[in-house]
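Using our numbering, you'd call the opening residue of the sequence shown number 3 and step up by one each time.
Yeah, the Cβ is synthetic: ideal placement off N, Cα and C, and Gly gets one too.
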Amino acid sequence: MLNTKLESEAFALLKDKIQLIQQNDHAIYLVGPIQLPINLDGETTVFQWYCWLNFDEITEDYENMIEKLSSANLAEYQQSSVLVYGDFAHAEEALIRMHSICHTGDIFGSKRCDCGFQLKESMKKIREHGTGALFYLANHEGRGIGLFSKAMAYVLQENGYDTVEANESLGYVNDARDYEDAISVLRTLRSKPVTLITNNPMKVDALENAGLQLSGRTPLWGDRSEYNKKYLDTKVIKSGHLREDGKCSND
């Protein structure tokens, strides 16, 4: 059962950040502005980020609209893909990365997270290794909550919430990602063992529980800054990500 007080506080922070843009037959809901530190040519420039959502229902009852979004699974309106390098099907050793789409980090270069770094670094590791695949999972935005809900979560984070608290206050679980489709594609492309590039033991478990053979795990830490320190610490403390030394936070 979610904390009612926390939910009330979350809506109080969000209501002035959402506005309705009414169209003839639908609504556009705009959330923002949200500070987004962007890496441009080696220098950090802070932009103001807005996200909009097309929605059939036209209403200014934002609280009710937000409640509906937690069960609408908006992230499913995108498609996933995979980048394959080298002789992925037959090589004895291959690296793979299950990378969740991060619109802000991958595209804009946001420093609120480490996703853009992980994306580029994974591609470099795969290239240097000679064989591998990067799965780009588009329905995983914001750990499965979708871009618009992620924008609302950012509003909460700017007001003291950590990543887990923000997602849960909006009616989501900490991590709603599912790897079933990606695993099915991986099985189609390769039958031999793979080494997974990740800090997240849930990804390791997902592959092992599906019966896939793992030959190892490669950690992927880096790009720590004042902007994502709390985000990275929360990954270890609350989401169970393995530290650089390969240990859990409670080891």
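Bounding residues of the alpha helix (DSSP H) (the contiguous stretch that carries valine 196): First-last for valine 196: 196 to 199, but that is the beta strand (DSSP E), not the alpha helix (DSSP H).
Other residues of its chain near phenylalanine 110: CB distance less than 6 Å, five sequence neighbours each side excluded: For phenylalanine 110, same chain residues with a beta-carbon under 6 Å away, outside a window of 5 residues either side, are Ile40 in chain order.
contact_flag[the region 45 to 58, the region 27 to 35] where n(CB pairs < 8 Å) is 3 or more: Contact between the region 45 to 58 and the region 27 to 35 is present, because at least three Cβ pairs lie under 8 Å.
Continuous beta strand (DSSP E) stretch holding serine 83: start and end: Its beta strand (DSSP E) spans residues 83 to 87.
C-beta atoms of serine 171 and leucine 76 nearer than 8 Å: No.
Buried or exposed (CB count within 10 angstroms, at least 16 for buried), glycine 148: Counting Cβ neighbours within 10 Å, glycine 148 comes out buried, since at least 16 surround it.
Reduced DSSP category for asparagine 161 - H, G, I as helix; E, B as strand; rest coil: Three-state result, asparagine 161: coil.
Alanine 14 (DSSP reduced to helix, strand or coil): Correct three-state label for alanine 14: helix.
Distance CB(isoleucine 36)-CB(alanine 153) smaller than 8 Å: Cβ distance < 8 Å, so isoleucine 36 and alanine 153 count as in contact.
Residue environment, glutamine 81, which counts as buried when at least 16 other CB atoms sit within 10 Å: Around the beta carbon of glutamine 81, fewer than 16 other beta carbons lie within 10 angstroms, which makes this residue exposed.
For isoleucine 60, the three-state DSSP class (helix, strand or coil): Coil, per DSSP.
Nearest-angstrom Cα separation, counted from arginine 189 out to glutamate 182: Answer to the nearest angstrom: the Cα atoms are 11 Å apart.
Status (buried if at least 16 other CB within 10 Å, exposed otherwise) for alanine 91: Around the beta carbon of alanine 91, a 10 Å sphere encloses fewer than 16 other beta carbons of the protein chains shown; the residue is thus reported as exposed.
Burial state of lysine 205, where buried means 16 or more other Cβ atoms lie within 10 Å: Buried, by the Cβ-count rule.
Per DSSP, cross-strand counterpart(s) of asparagine 41: Paired residues: Thr46.
Test item: CB-CB of alanine 135 and tyrosine 174 under 8 Å: In this structure, alanine 135 keeps its C-beta atom at 8 Å or more from the C-beta atom of tyrosine 174.
Sequence-distant residues of the same chain with beta carbon closer than 6 Å to glycine 132, five excluded per side: For glycine 132, the CB contacts under 6 Å within the same chain, skipping 5 residues up- and downstream, are Gly88 in chain order.
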